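Quick note on numbering: the numbering used here labels position 73 of the sequence shown as 421, and the sequence is numbered without any gaps.
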Amino acid sequence: MDKEKRDDTILEIAIMEMGRMRKGASFCPSEVVRWLYPQDWRFFMDEIKQEMMKLYREGKILVTQKDKAVDPAILPKGPVRIKVIKLL
């Protein structure tokens, strides 16, 4: 398994696990990378957003901005929230 695929898998598992721990409550993508990489979390924001959108298009999570679902075809700018709707 190459490194990029492995990182995607880790991020997917982390997003889904945070959703399980939150018991249906939404959370910010930065919370996931802060949990995984507390000192270097900012470096992983692009990766977590890409993985977030992949999971959104797969129907596993909901991504909202100002309480409205975002367009799954466009990476949103600004703060968003994630809510897991389909546990692994």
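For each residue, glycine too, the CB sits at the ideal point set by N, CA and C.
All values reported here derive from a predicted model rather than from experimental measurement.
- Under 9 Å, do Pro-377 and Ile-361 count as touching if we go by C-beta distance? No; because the gap between Cβ atoms is not below 9 Å, this pair is not in contact.
- Task: Within its chain, find whatever has a CB closer than 6 Å to the CB of Phe-392; leave out the 5 residues flanking it on each side and keep chain order.
- Result: Setting aside the 5 residues that flank it on each side, Phe-392 is surrounded in the same chain by Val-381 and Tyr-385, each with a C-beta closer than 6 Å to its C-beta; the list follows chain order.
- Message: Once DSSP output is grouped into helix, strand and coil, what is the label at Gln-398?
- Response: In the structure shown, Gln-398 adopts helical secondary structure according to DSSP, grouped into three states.
- Query: Which residue comes first and which comes last in the alpha helix (DSSP H) that contains Leu-384?
  - Reply: Start and end: 377 to 384.
- Item | Separation of Arg-429 from Arg-421, as counted between CA atoms | The question names Arg, yet the displayed sequence has Ala at residue 421. Taking the CA atoms as reference points, Ala-421 sits about 16 Å from Arg-429.
- Item | Coarse secondary structure for Ile-363, derived from DSSP in three states | The three-state reading of DSSP puts Ile-363 in helix, counting H, G and I together.
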